[in-house]
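Report on the following structure.
Below you can see the structure in the form of structure tokens.
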């Protein structure tokens, strides 16, 4: 079945060839691949973003433009939530460090002496640990959510549907 005839009601502009349609679809797949690989190697997300921003307005099939828009939305939401998650983890980690060592590391020598004598006690404010753990959970949830969003988009593209 010709992809142009299986279009889901969007209607193709006159004069669009099967080659143009196939090229559009190949670029959407390439962008999805770049975004999926970016969960292992971050730099490939830049390739996906460039493809998405350059091709989104030039797609001959409007449903392909919806895929580019979805990838851009997923990237920026994932990026923002990841920054938030890592900020929360850093705040929690610094809170634990300052609690143990003091804000100016003045307790460092006493901590080392206590460890050497075997009388060291951990006096951790567990709220900071919980905060760091919540940041880590948010990071993992964001990572999984981004993967799922891209996987759903890929399934819809394989089914010749918009997102």
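Numbering (this note's numbering), first residue to last: 112 to 274. The beta carbon of each residue, even a glycine, is placed where N, CA and C say it ideally should be. Small disclaimer: the values here were computed from a predicted structure and weren't measured.
Chain D contact for residue i (CB, 7 Å cutoff)
i, result
"residue 148", "Judged by its chain identifiers, the structure shown contains no chain D, having just a single protein chain."
Exposure of residue i, with buried meaning 16 or more beta-carbon neighbours within 10 Å
i, result
"residue 200", "buried"
"residue 156", "buried"
"residue 172", "buried"
"residue 145", "buried"
"residue 151", "exposed"
"residue 236", "exposed"
Under the three-state DSSP convention, the category residue i falls into
i, result
"residue 165", "helix"
"residue 149", "coil"
"residue 223", "helix"
"residue 173", "helix"
Of the residues the options, the one placed nearest residue i, counting alpha carbons only
i, options, result
"residue 137", "153, 251, 179, 157", "179"
"residue 192", "252, 125, 269, 265", "252"
"residue 142", "211, 261, 273, 271", "261"
"residue 130", "240, 144, 170", "170"
Check whether residue i and residue j have beta carbons under 7 Å apart
i, j, result
"residue 246", "residue 196", "yes"
"residue 249", "residue 139", "no"
"residue 167", "residue 274", "no"
"residue 203", "residue 239", "yes"
**Item:** Cβ contact (3+ pairs, closer than 8 Å) linking the segment 191-211 and the segment 155-170
**Value:** Because the criterion of three Cβ pairs below 8 Å is not met, the segment 191-211 and the segment 155-170 do not touch.
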